[in-house]
Every structure is written in C-alpha cells, then in structure tokens.
Amino acid sequence: MRFSTLNKFGLQDIPFTCAQCSFCQVGNGACPTYKVKRRNSYSGKGKMVLTRSLMQGRLSKNDGLEGLRDAIFGCTLCGGCEEICQVDIPFVQIYQLMRAEFLKRGMWPEQLVPMRETLVKERNIQGQWNGDRVEGWSYWHPDEDELLEHVGRKAKTAFYVGCTSSFRGIPIQATIATTLIMEKTGEDYTLLGEEEWCCGAPLIMTGDFDTARQFAEHNIAAYQELGVEKIVTNCPGCYKMWAHEYHEFLEIDVPFEVQYGAQYLAELVDDNRLTGLSNPLDVSITFHDGCDAGRNCGIYEEPRKVLEYLPGVEFEELPHNKNRCYCCGSGGVLRPVDADFAIQINRLKVKDIEQTNADLVISACPSCVDFMYDQLPQASSNRISKDLAVIVAQALGLTWDGLEETYG
Ligand code: SF4
Ligand code: SF4
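Residue numbers (the working numbering): 1 to 408.
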C-alpha cells in the first residue's frame with residue numbers, strides 16, 4: 001500500500017532507511033513511549049518497520065494499520081528518536097504526515113474530533129469565550145487599565161500569548177509576568193485579545209493541515225493590520241508553528257521575526273535591559289528543556305543564560321538534560337488521546353527531578369509547567385514547577401495577587 005502524504009513530501013523511501021540498530025529504543029535516555037509500553041511499535045524503529053511492511057504488502061491492511069495508527073498517535077512528538085537516529089530520519093515530520101494520512105483514511109482517533117470542533121467554534125483549545133484570552137485574567141494584573149490598552153493597539157512587537165497561557169491558572173502567571181517585564185523594560189507591545197486565534201498546533205500536530213491554515217492566515221492578517229514586525233511567544237509549541245511548521249506543512253512564509261520567550265529574555269540580558277534585579281531568590285533550581293524548545297528547535301543556552309543572571313539562584317542540571325532531557329508526557333496531543341499514558345510518562349520525569357536537590361523545576365513551556373505542577377504532588381514529590389518568566393519577574397521584585405494564590 002501507498003502512503004500518499006509521505007509521497008507528497010518526498011519521504012516515501014525513508015522507512016526503508018532504518019538500520020534497525022535499536023538506538024532509538026534504548027540509547028540516550030530515548031523514547032518515553034517505548035519505555036512505558038515496552039512494545040516495538042511505540043519506538044521510532046517499530047513504526048518504521050511497520051510502515052515499510054505495509055508498503056511492501058508483507059502485512060495486510062487489517063493486521064497492521066490500526067496498530068500503526070495507535071502507535072503514531074501514542075507518541076509525544078518529543079523528538080528523542082530523531083535526536084539519536086544514526087540515519088537521520090526526520091521522525092517528528094513523518095509522524096505528523098502519518099497522522100494526516102490517518103485523517104484522510106477516516107482513522108483519526110475519535111477523541112480528537114471534539115478537540116477540532118472546539119477549536120473551530122471557539123478559536124481556542126480550552127473551549128472558553130475567546131475574549132477571555134485577556135479579560136479572563138486581567139483582573140489579576142496589578143495595572144489592569146494599562147494592560148487593556150495594549151489590546152488591539154498598533155505596535156512593532158506583538159506578544160502572542162497562546163491557548164495554554166491564556167486560560168489556565170498556572171500558565172497565566174507567566175503571561176502576567178511577561179506583560180510586566182515588557183512594561184518594565186519599556187517594550188511597546190500589542191496583544192490581539194479576542195482576535196488571537198489558536199496557532200493551530202493541535203491541528204498541525206494531528207495532521208489536520210487544512211483547518212490549521214485558517215488559523216495561521218487569520219493571525220497573520222490581524223498582525224499585519226497592526227503593523228507588527230516581531231512576534232514574541234512564551235509557548236515553544238506556538239513558536240515552532242510560527243517559526244518552522246507554517247512553512248514546513250502549510251507553505252506559508254511568516255512575514256515577521258518570531259522570537260521564543262526565553263530568547264527574548266536572553267536578549268534583554270545581552271542588551272543590559274534586564275536591570276533592577278533587586279530581589280535575591282535564595283532558591284535551588286533545576287531546568288526542564290521542553291521538547292519543542294529543546295530537541296525540536298535546538299534552543300538550550302538562552303534559558304540557562306537567563307537563570308545564571310538571576311540573583312540568589314543555585315542551579316543544578318537534571319540527570320537527563322538538554323538534548324537528553326526526558327519528555328514530561330504532555331506533548332504531541334497525547335493527553336487528549338490517552339491521559340493515563342501521558343501520566344505514566346510523567347512519572348519517569350518526576351524520578352529524574354527527584355534525583356536533584358532542587359526545590360523548583362523551571363521550564364519555559366506553559367504546557368510542561370502546567371502538567372508538572374499538576375503531577376508532581378500526585379507522584380508524592382514536594383518539588384514545584386514554575387515558568388522562567390515568573391522567576392524573572394520575581395527577581396525583579398514584581399508581584400501580583402494571583403501569584404501568591406498560586407504559589408503560596
Ligand atoms: S517522538 Fe518521542 S515519543 Fe515519539 S517515538 Fe520518538 S522518542 Fe518516542
Ligand atoms: S535509531 Fe534510526 S536507524 Fe536505528 S533503529 Fe531507530 S530509526 Fe532505525
């Protein structure tokens with residue numbers, strides 16, 4: 001059988017290049033899904049072997065396709081297999097194309113259908129009224145009137161908040177922190193508010209490229225109307241879409257500079273604009289490299305540069321860090337597909353964190369911070385996760401009521 005989505009991208013021969021060395025199953029702290037399931041199909045190698053067996057007709061559609069579908073969607077897109085593969089298989093791209101193939105064949109996991117309906121109806125993944133992207137949390141902001149003036153105003157810099165950081169308590173802390181840092185450093189920025197639509201990541205990650213295109217085109221047009229030249233986003237999933245995947249999967253060339261939040265903060269350090277760090281933190285921390293920022297976009301040094309700059313921080317790397325960092329389990333839209341599986345993956349992450357002496361696990365990803373914040377106590381750990389932007393705001397002496405409500 002043929003996989004037309006792989007053909008379209010010229011990748012139809014890739015499954016045949018796997019050398020079956022098994023590095024992607026056991027090496028380098030690799031595949032979290034294989035570690036949990038212990039089944040070949042849940043590793044990169046297993047998926048390539050299954051795909052080529054189907055292509056060669058050595059496995060019947062009935063015997064192979066459903067198992068391959070479950071493994072392709074039972075993956076966090078963490079990039080661990082791609083990082084270690086000796087023949088450089090572009091796994092993350094292939095998995096997303098294969099997900100598109102299953103959508104075309106009417107074999108999308110049924111759990112994803114309500115997700116897409118919610119996105120199309122509400123323009124955000126949480127299913128809330130889209131005006132709540134700013135209005136939902138502006139009352140927490142120490143200067144609500146000043147904040148609301150940024151919504152819809154013309155400016156060269158845009159803060160693209162993202163769905164995860166607009167509607168949920170823990171990631172909202174990083175959003176408030178970022179607006180306060182921008183105000184303190186004199187950044188003239190704009191927010192789209194109700195006109196900000198999802199970046200389309202949940203759709204692109206699950207292979208629904210056609211629906212995702214409407215979201216990308218809407219946001220680009222909205223920013224063009226405001227004269228935006230640069231977009232800053234704290235979410236590495238959103239960043240990956242804007243910086244790479246609109247081009248890769250939708251053939252859209254984004255007409256703006258795109259900067260990830262940790263890069264933005266590191267640039268403030270480089271430009272001597274992050275001044276007034278008056279509040280020594282007196283805390284021991286470790287850092288979790290979210291998969292989309294780390295392995296999938298290669299951004300490792302910027303968050304560390306920012307952490308090194310903060311007063312009163314004792315830093316310790318995780319046993320598995322940077323390109324070997326364990327996935328937290330929340331990526332690849334695995335949580336709506338199989339929440340228990342994502343939690344099992346998270347338990348491996350917690351074990352890694354527990355091997356450090358750090359009180360705080362910092363990350364620069366709202367999804368990772370949120371999932372770890374939720375799961376660490378459930379795994380009987382007393383460590384707390386926090387976003388990089390929040391700890392920077394605290395070092396600047398910035399605070400707000402919601403922050404204390406959240407972190408006590
Ligand atoms: S992307 Fe991550 S979870 Fe998925 S197969 Fe590769 S290593 Fe495993
Ligand atoms: S690391 Fe690459 S070549 Fe080796 S088994 Fe995995 S997919 Fe195949």
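Glycine included, C-beta positions come from ideal geometry on N, C-alpha and C.
Sequence-distant Cβ neighbours of L277 in its own chain, meaning closer than 7 Å and more than five residues away, are L310, P311, A395, L396. The closest heavy atom of ligand 2 lies 7 Å or more from the beta carbon of C78. The C-beta distance from V258 to I220 rounds to 11 Å, too long to meet the 8 Å contact threshold. Contact holds between the segment 225-238 and the segment 161-173, because three or more Cβ pairs, one in each stretch, are under 8 Å apart.
At least one heavy atom of ligand 2 is found less than 7 Å from the C-beta of V87.
With a contact defined as Cβ atoms closer than 8 Å, V92 and A19 miss out at about 19 Å. The Cβ atoms of L50 and L68 lie closer than 8 Å to each other. In this structure, DSSP gives V333 a state outside helix and strand, which the three-state scheme calls coil.
V113 and Q128 have their C-alpha atoms roughly 17 Å apart. I204 is the residue among I204, A266, Y260, R335 whose C-alpha sits nearest the C-alpha of F249.
Remark: the C-beta of T33 is in contact range of ligand 1, defined as less than 7 Å to any heavy atom. Relative to ligand 1, the nearest heavy atom lies less than 7 Å away from the CB of C327. For the beta strand (DSSP E) assignment, the uninterrupted runs of no fewer than 3 residues enclosed by the segment 152-187 are, from N- to C-terminal side, 157-159. In this model, D270 and K184 are separated by some 16 Å (Cα to Cα). Contact annotation: E316 and T356 have beta-carbon atoms nearer than 8 Å.
The criterion of a C-beta distance shorter than 8 Å is not satisfied by S53 and C81. Secondary structure note for I84: its alpha helix (DSSP H) is the uninterrupted segment 80-84. For secondary structure counted as the alpha helix (DSSP H) over 4 or more consecutive residues, the segment 288-372 holds these complete runs in sequence order: 301-309, 334-337, 339-354. Considered as a whole, the segment 13-50 harbours 23-26, 32-37 as its complete alpha helix (DSSP H) runs of no fewer than 4 residues, in chain order.
DSSP places Q111 in the coil class of the three-state scheme, outside both helix and strand. Annotation: I125 is outside any beta strand (DSSP E) and is labelled neither H nor E by DSSP. As a beta-bridge residue in DSSP terms, Q259 pairs with V232. In this structure, the alpha-carbon of G329 lies about 27 Å from that of D132. For S385, the enclosing beta strand (DSSP E) starts and ends at 384-387. Ranked by Cα distance from I170, the options D370, N382, D401 are led by D370. Per DSSP, the continuous alpha helix (DSSP H) segment holding T211 begins and ends at 209-225.
Nearest Cα to I176 within the set I89, G402, I72: G402.
Assignment of V269 by DSSP, reduced to helix, strand and coil, places it in the helix class. Judged by their CB atoms, S284 and D352 are not nearer to each other than the 8 Å cut-off. In the structure shown, the three-state DSSP call for V254 is coil. Judged by DSSP in its simplified three-state form, I89 adopts coil rather than helix or strand. Remark: C-beta atoms of D387 and S367 do not approach each other more closely than 8 Å.
Taken through DSSP and simplified to helix, strand or coil, L59 comes out as coil. The C-beta separation of D282 from K322 comes to about 26 Å, leaving the pair out of contact by the 8 Å criterion. For V92, the Cβ falls inside the 7 Å cut-off from some heavy atom of ligand 1. In the structure shown, L274 adopts coil according to DSSP, grouped into three states.
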